[in-house]
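J.: Sharing a structure, written as structure tokens. Questions coming.
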Ligand SMILES: C[S@@+](CC[C@H](N)C(=O)[O-])C[C@H]1O[C@@H](n2cnc3c(N)ncnc32)[C@H](O)[C@@H]1O
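Numbering (our numbering), first residue to last: 222 to 468.
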């Protein structure tokens with residue numbers, strides 16, 4: 222019975238958890254975040270203080286705060302570089318809120334969001350199941366999981382008062398949604414890629430490479446986790462760019 226519930230929830234990107242023992246009172250979490258930031262700065266890291274950040278970090282799903290800081294620090298490092306911001310793989314908008322909150326005051330950059338809002342596509346043969354995160358038993362069973370309605374991210378952005386005119390949502394599978402799309406960014410200084418599978422990640426990296434200035438940062442989530450395709454896409458992309466001098 223428990224397995225059936227777990228599998229059913231898994232199809233929607235949700236998981237079964239006993240919260241009683243695991244939940245951390247928000248005040249404790251806040252203290253940890255502030256101590257982490259202090260230590261980060263002491264060690265030479267650069268992150269501006271931000272009152273809303275701890276609350277948004279506490280709402281992340283599947284992204285540990287330590288990984289969110291890689292996004293936050295990269296946004297800070299690229300803030301004076303020309304170009305907009307992209308997120309590839311939005312789902313319910315948890316990491317989107319982190320990104321939007323960081324850029325809302327510090328720049329006028331536009332946030333481009335790419336998602337099918339229909340969940341994961343069919344995996345390719347390069348996607349082998351490395352970590353069965355929702356206990357579904359096979360890579361093929363993940364097709365269609367993690368599907369979230371577009372309104373969820375819109376609601377989250379509204380809640381943090383991110384201006385509508387600074388957000389462009391590119392709805393659809395990236396394999397087709399970037400074809401003939403006139404609203405694509407012209408230049409990108411930072412991108413967070415969280416597509417999980419080989420094909421869309423490779424497409425995103427190749428697209429970004431054509432339109433990003435030197436110094437731009439792309440963070441790819443789940444490297445060597447869940448599907449082997451993530452690591453393969455990154456390694457292939459880097460190998461193909463080895464002989465180009467300006468990257
Ligand atoms: C892991 S979730 C993103 C989670 C989100 N970044 C967060 O941490 O809050 C992956 C998302 O990528 C989207 N996705 C995966 N492959 C895609 C593709 N080929 N085209 C468009 N969206 C895709 C799925 O719909 C899903 O919402």
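Glycine included, each C-beta is placed from N, C-alpha and C at the ideal position. What you are looking at is a predicted structure, and each value in this text was computed from that prediction instead of being measured.
In terms of alpha-carbon separation, which member of 281, 446, 310 lies closest to residue 424?
T.: If you number the chain shown from 1, residue 424 lands on position 203. Answer by Cα proximity: 310.
J.: With a 10 Å radius around its C-beta and 16 neighbouring C-beta atoms as the bar for buried, classify residue 385 as buried or exposed.
T.: The sequence position of residue 385 within the chain shown is 164, counting from 1. The residue in question, residue 385, is exposed, as its Cβ has fewer than 16 Cβ neighbours within 10 Å.
J.: Using the Cα positions of residue 391 and residue 447, report the straight-line distance between them to the nearest angstrom.
T.: Position 170 of the chain shown, counted from the start, is the residue given in the question as residue 391. Position 226 of the chain shown, counted from the start, is the residue given in the question as residue 447. C-alpha separation (whole angstroms): 25 angstroms.
J.: Hey, would you say the C-beta of residue 311 is under 7 angstroms away from at least one heavy atom of ligand 1?
T.: Translated into the one-based positions of the chain shown, residue 311 becomes position 90. Residue 311 Cβ: within cutoff of ligand 1.
J.: At the level of alpha carbons, what is the spacing between residue 420 and residue 289?
T.: Position 199 of the chain shown, counting from 1, holds the residue named residue 420. Position 68 of the chain shown, counting from 1, holds the residue named residue 289. If you take the alpha carbons of residue 420 and residue 289, they lie about 24 angstroms apart.
J.: Taking all protein chains shown into account, do 16 or more other C-beta atoms lie within 10 angstroms of the C-beta of residue 402, making it buried, or fewer, making it exposed?
T.: Here residue 402 refers to the residue found at position 181 when the chain shown is read from its first residue. Under this definition residue 402 is an exposed residue.
J.: Measuring CA to CA, which of 252, 283, 367, 292 is closest to residue 441?
T.: In the chain shown, residue 441 corresponds to position 220, counting from 1. The residue with the shortest Cα to Cα distance from residue 441 is 292.
J.: Within the present structure, is the beta-carbon of residue 390 separated from the nearest heavy atom of ligand 1 by less than 7 angstroms?
T.: Position 169 of the chain shown, counted from the start, is the residue given in the question as residue 390. It does not: the Cβ of residue 390 is nowhere closer than 7 angstroms to a heavy atom of ligand 1.
J.: Please state whether the Cβ-Cβ distance between residue 360 and residue 348 is less than 8 angstroms.
T.: Mapped onto the chain shown, residue 360 falls at position 139. Mapped onto the chain shown, residue 348 falls at position 127. Contact flag set, yes.
J.: Helix, strand or coil, according to DSSP, for residue 305 in the structure here?
T.: Counted from its first residue, the chain shown places residue 305 at position 84. DSSP places residue 305 in strand when its eight states are reduced to three.
J.: By the three-class DSSP mapping on this structure, what secondary structure does residue 362 have?
T.: Sequence index remark: in the chain shown, residue 362 carries index 141 (1-based). Residue state, collapsed to three classes: helix.
J.: Helix or strand or just coil, what does DSSP make of residue 351?
T.: As a position in the chain shown, residue 351 is number 130, starting the count at 1. DSSP places residue 351 in coil when its eight states are reduced to three.
J.: Is the beta carbon of residue 406 less than 8 angstroms from the beta carbon of residue 432?
T.: To locate residue 406, count along the chain shown from 1; it is residue 185. To locate residue 432, count along the chain shown from 1; it is residue 211. In this structure, residue 432 lies closer than 8 angstroms to residue 406 by Cβ.
J.: How about residue 314: is its Cβ closer than 7 angstroms to a heavy atom in ligand 1?
T.: Against the chain shown, residue 314 aligns to sequence position 93. Residue 314 Cβ: within cutoff of ligand 1.
J.: Using a threshold of 7 angstroms, is the CB atom of residue 394 nearer than that to any non-hydrogen atom of ligand 1?
T.: Reading the chain shown from its first residue, position 173 is the one you call residue 394. The answer is yes for residue 394.
J.: When the Cα of residue 306 is compared with those of 313, 459, 318, which residue comes out closest?
T.: In the chain shown, the residue the question calls residue 306 occupies position 85. Comparing Cα-Cα distances from residue 306 to each of 313, 459, 318, the minimum goes to 318.
J.: Taking Cβ positions, are residue 325 and residue 411 nearer each other than 8 angstroms?
T.: Here residue 325 corresponds to residue number 104 of the chain shown, with the count starting at 1. Here residue 411 corresponds to residue number 190 of the chain shown, with the count starting at 1. Not in contact: residue 325 and residue 411 (Cβ atoms no closer than 8 angstroms).
J.: Report yes if the C-beta of residue 429 is less than 7 angstroms from at least one heavy atom of ligand 1; otherwise report no.
T.: By 1-based counting over the chain shown, the position of residue 429 is 208. Flag unset: Cβ of residue 429 not near ligand 1.
J.: Only counting the same chain, and skipping five residues up and downstream in sequence, which positions put a Cβ closer than 7 angstroms to that of residue 367?
T.: Position 146 of the chain shown, counted from the first residue, corresponds to residue 367. Excluding residues within five positions, the ones whose Cβ falls inside 7 angstroms are 234, 312, 340, 341.
J.: Could you check if residue 472 belongs to the surroundings of ligand 1, using beta carbon to heavy atom distance under 7 angstroms?
T.: Residue 472 is absent from the structure shown; the chain starts at 222 and stops at 468.
J.: Alpha carbon to alpha carbon, how far is residue 426 from residue 450? Give it in angstroms, no decimals.
T.: Locating residue 450 in the chain shown gives position 229, where the first residue counts as 1. Locating residue 426 in the chain shown gives position 205, where the first residue counts as 1. About 13 angstroms.
J.: Taking residue 297 as the reference, give the member of 455, 372, 415, 436 with the closest Cα.
T.: Here residue 297 is taken as the residue at index 76 of the chain shown, counted from 1. Cα-wise, what sits closest to residue 297 is 436.
J.: Which residues mark the beginning and the end of the beta strand (DSSP E) in which residue 250 is found?
T.: By one-based count along the chain shown, residue 250 stands at place 29. Per DSSP, residue 250 belongs to no beta strand (DSSP E); it is in the alpha helix (DSSP H), 247 to 263.
J.: Less than 8 angstroms between the CB atoms is what I'm expecting for residue 267 and residue 294, so what's the real figure, rounded?
T.: The residue labelled residue 267 in the question sits at position 46 within the chain shown. The residue labelled residue 294 in the question sits at position 73 within the chain shown. Residue 267 to residue 294, Cβ: 6 angstroms. Contact.
J.: Going by DSSP, name the residue or residues bridged to residue 392.
T.: The residue you call residue 392 lines up with position 171 of the chain shown. BP columns for residue 392 point to 336.
J.: If you draw a straight line from the alpha carbon of residue 336 to that of residue 394, how long is it in whole angstroms?
T.: Residue numbering aside, residue 336 sits at position 115 when the chain shown is read from its first letter. Residue numbering aside, residue 394 sits at position 173 when the chain shown is read from its first letter. Straight-line Cα distance between these residues: approximately 7 angstroms.
J.: If residue 408 sits next to residue 287, beta carbons under 8 angstroms apart, how far is it from one beta carbon to the other, in whole angstroms?
T.: Here the question's residue 408 lines up with position 187 in the chain shown. Here the question's residue 287 lines up with position 66 in the chain shown. About 29 angstroms; that fails the 8 angstroms criterion.
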